[in-house]
Amino acid sequence: MTVDDAARPAGPARPDGPARPDGRPAADQARRAFPDWRFAPNIGNNPGTYEIENRALARAGHVIDGMRRLAPWAGRTIVDLGCGTGFWLTTYAAEAGRVIGIEPDPALRAKAAARTGALPGVQVAAGSAEHLGLPAASVDVVHARFAYFFPPSGDAGLTEVLRALRPGGALVVVDNDYRWGEFATLLDASSSEGARKKADATDGWWRDRGAIRREVHSEWAFDRRADLEAVLRIEFPAQVADSWLARHPATTSISYGYVLFAVVA
Ligand SMILES: C[S@@+](CC[C@H](N)C(=O)[O-])C[C@H]1O[C@@H](n2cnc3c(N)ncnc32)[C@H](O)[C@@H]1O
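First residue of the sequence shown? That's 966 in the numbering used here, and the numbers climb one at a time after it.
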C-alpha cells in the first residue's frame, strides 16, 4: 500500500499477470486524457499480488471501520477514487445506495469493471482526481486509498473532489503512518529523505487544508508466509524486503499504521 513515488522507491517490477491487457495505445490515450494519472507499479504490475495485499489489510477491519466512523456511507453515494482493480467496491456496495469506482489506468479499470459487472448500483468509470467526470454536488463520500496523487501537488484534485461532493459530504483519504509499526521501519529504510520528513510534510499539507487526522494501528495478516514475502517484494526494494524477512523468519504478519485524513465539503 505504499506507492508514493515522491517518497519511496516503487519496488521492483515483478509482473504476476498480464500487466497491460489493453496495450500501450490505451495507456497512452489515458495519459493524455488524465495527465495527473501516476502509474502505480505495485498494483499496476502485480494485480494478483496486490489482491493478496488487500485481503491481508481487510482481515483486521480496522481501516474500513475508521473510514466508516469518519463518513458513513450506508444508503449514500460513494466514490472510490483510484479504485484499482475494484477490491473495495463490493464492500461499499453492501451498504451504499450507489457506488462509483473511478480509475485512470485502463488495465486496472477493466478488472474493476469485470469484478463488479453483475452488482446493481455499482459503476466503474474512467477518470482521475482532477477529472472526475461527475456533476457538481452529486456524491456524499469520496474515498481515496493510498492516494499519493494528493500531497504535495494535489490541489487541483482536491478542488475537483470538493466540487463533486454535496455540502456536508466528505473526502476520506488513507495514507501510511510513517511513524508507527513495523511497516513504517520498512518505509524509512526505503526512503532517501527519511520517513519522518515525509510524515511531517504529509500531515502539514492536509492540516493546511483543514483535514481531520486519525491514526489507525493495525496489521497485515497473511494465510501463508509466501504471501507476506510476495507482497513485501512488490512494495519495497529487494534488499529492504529481504533484510526484514531474514530478521523475522517465522512471521506471517506485520504491524502497520495508517493515517486517515478527512476533508468535509
Ligand atoms: C496504490 S493503488 C491503490 C488502488 C486501490 N485504491 C486499492 O486500495 O486497492 C493507487 C491507485 O490510484 C490510481 N491513480 C493514480 N493516479 C491517479 C489520479 N491522479 N487520480 C485517481 N487515481 C489515480 C492508480 O492507477 C491506482 O489504481
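Yeah, the Cβ is synthetic: ideal placement off N, Cα and C, and Gly gets one too.
Remember, predicted model here, so these are calculated numbers, not experimental data.
How would you write the range of the alpha helix (DSSP H) that alanine 1154 sits in, first residue to last? Locating residue 1154 in the sequence shown gives position 189, where the first residue counts as 1. Residues 1147-1155.
Using a Cβ-Cβ cutoff of less than 7 Å, which residues in the same chain neighbour alanine 1025 once the five nearest sequence positions on both sides are dropped? Position 60 of the sequence shown, counted from the first residue, corresponds to residue 1025. Excluding sequence neighbours, alanine 1025 sits near Ser1183, Glu1184 and Ala1186.
Under the three-state DSSP convention, the category aspartate 1165 falls into: On the sequence shown, residue 1165 is found 200 positions in, with the first residue counted as 1. In the structure shown, aspartate 1165 sits in a helix (DSSP, three-state: H, G or I).
Distance between aspartate 1192 and aspartate 1001 (C-alpha atoms, nearest Å): As a working note, residue 1001 is residue 36 in the sequence shown. As a working note, residue 1192 is residue 227 in the sequence shown. Near 32 Å, if we compare the C-alpha coordinates of aspartate 1192 and aspartate 1001.
What would DSSP say about arginine 1074, mapped onto helix, strand or coil? What you label residue 1074 is simply residue 109 of the sequence shown in a count that begins at 1. It is helical.
From the DSSP output, in three-state form, read off threonine 920 for me. Any answer about residue 920 is impossible in this case: the structure gives the chain only from 966 up to 1230.
Proline 974 to aspartate 1142, Cα distance in whole Å? Translated into positions along the sequence shown, residue 974 becomes position 9. Translated into positions along the sequence shown, residue 1142 becomes position 177. The predicted position of proline 974 is uncertain, since its pLDDT is 32 and thus under 50; a value taken from the coordinates is nonetheless stated next. In a straight line, the C-alpha of proline 974 is about 17 Å away from that of aspartate 1142.
Which one or two residues does DSSP pair with threonine 1042 in a beta bridge? In the sequence shown, residue 1042 corresponds to position 77, counting from 1. Arg1063, per the DSSP bridge assignment.
Bridge-paired residues (DSSP) for valine 1228: Working through the sequence shown from its first residue, we reach residue 1228 at position 263. DSSP lists Leu1136 as partners of valine 1228.
Can you list, in chain order, the residues of its chain with a C-beta nearer than 8 Å to that of aspartate 987? Leave out the 5 residues immediately preceding and following it. Locating residue 987 in the sequence shown gives position 22, where the first residue counts as 1. Reliability of the predicted coordinates at aspartate 987 is poor, the pLDDT of 48 falling under 50, and no value is obtained from them.
Can you give the Cα-Cα distance for proline 997 and arginine 1080, rounded to whole angstroms? Taking the first residue of the sequence shown as 1, we reach residue 997 at position 32. Taking the first residue of the sequence shown as 1, we reach residue 1080 at position 115. Residue 997 is actually arginine in this sequence, not proline. When rounded, the distance between both Cα atoms is 26 Å.
DSSP three-state label for leucine 1084, please. As a working note, residue 1084 is residue 119 in the sequence shown. Coil at leucine 1084, not helix or strand.
Helix, strand or coil at aspartate 1105 according to DSSP, with G and I counted as helix: Mapped onto the sequence shown, residue 1105 falls at position 140. The answer is strand: DSSP assigns aspartate 1105 an E or B state.
Once DSSP output is grouped into helix, strand and coil, what is the label at histidine 1096? Mapped onto the sequence shown, residue 1096 falls at position 131. Three-state result, histidine 1096: strand.
Chain-order list of residues whose beta-carbon lies under 7 Å from that of alanine 1078 (same chain, five-residue window excluded): For this step, residue 1078 is matched to residue 113 along the sequence shown. Excluding residues within five positions, the ones whose Cβ falls inside 7 Å are Val1089.
Rounded C-beta distance between proline 1117 and tryptophan 1170? I'm assuming under 8 Å. Position 152 of the sequence shown, counting from 1, holds the residue named residue 1117. Position 205 of the sequence shown, counting from 1, holds the residue named residue 1170. Going by Cβ atoms, the distance from proline 1117 to tryptophan 1170 rounds to 6 Å, so yes, they are a contact pair.
contact_flag[the region 1146-1164, the region 1205-1212] where n(CB pairs < 8 Å) is 3 or more: yes
Within 10 Å of its beta-carbon, does arginine 989 have 16 or more other beta-carbons around it, so buried, or fewer, so exposed? To locate residue 989, count along the sequence shown from 1; it is residue 24. Answer is exposed; the Cβ neighbour count stays below 16.
Excluding sequence positions up to five away, which residues of its chain have a Cβ less than 7 Å from the Cβ of histidine 1213? Reading the sequence shown from its first residue, position 248 is the one you call residue 1213. Within the same chain, histidine 1213 has no close Cβ partners at all.
Is tryptophan 1038 near valine 1106, with beta carbons less than 8 Å apart? Counted from its first residue, the sequence shown places residue 1038 at position 73. Counted from its first residue, the sequence shown places residue 1106 at position 141. Cβ distance < 8 Å, so tryptophan 1038 and valine 1106 count as in contact.
For ligand 2, any of its heavy atoms closer than 7 Å to the Cβ of alanine 1094? Questions concerning ligand 2 fall outside what the structure shown contains, since the ligands it does hold are ligand 1.
Compare the C-alpha of serine 1220 against each of Ala1227, Leu1197, Val1064 and Leu1046 and name the closest. As a first step, residue 1220 must be located in the sequence shown, where it is residue number 255. Nearest Cα to serine 1220 within the set Ala1227, Leu1197, Val1064 and Leu1046: Leu1197.
Is there at least one non-hydrogen atom of ligand 1 closer than 7 Å to the beta-carbon of glutamate 1125? By one-based count along the sequence shown, residue 1125 stands at place 160. Incorrect: glutamate 1125 has no Cβ contact closer than 7 Å to ligand 1.
For glycine 1049, count neighbouring C-beta atoms within 10 Å of its own C-beta (all shown protein chains included) and say buried if the count is 16 or more, exposed if not. Your numbering for residue 1049 matches position 84 in the sequence shown. With 16 or more Cβ atoms within 10 Å of its Cβ, glycine 1049 is classed as buried.
Just verifying my parser: in three-state terms, what is the DSSP assignment at alanine 1112? Numbered from its first residue, the sequence shown carries residue 1112 at position 147. DSSP places alanine 1112 in coil when its eight states are reduced to three.
Under a three-way DSSP split, which group does asparagine 1011 fall into? Position 46 of the sequence shown, counting from 1, holds the residue named residue 1011. Coil, per DSSP.
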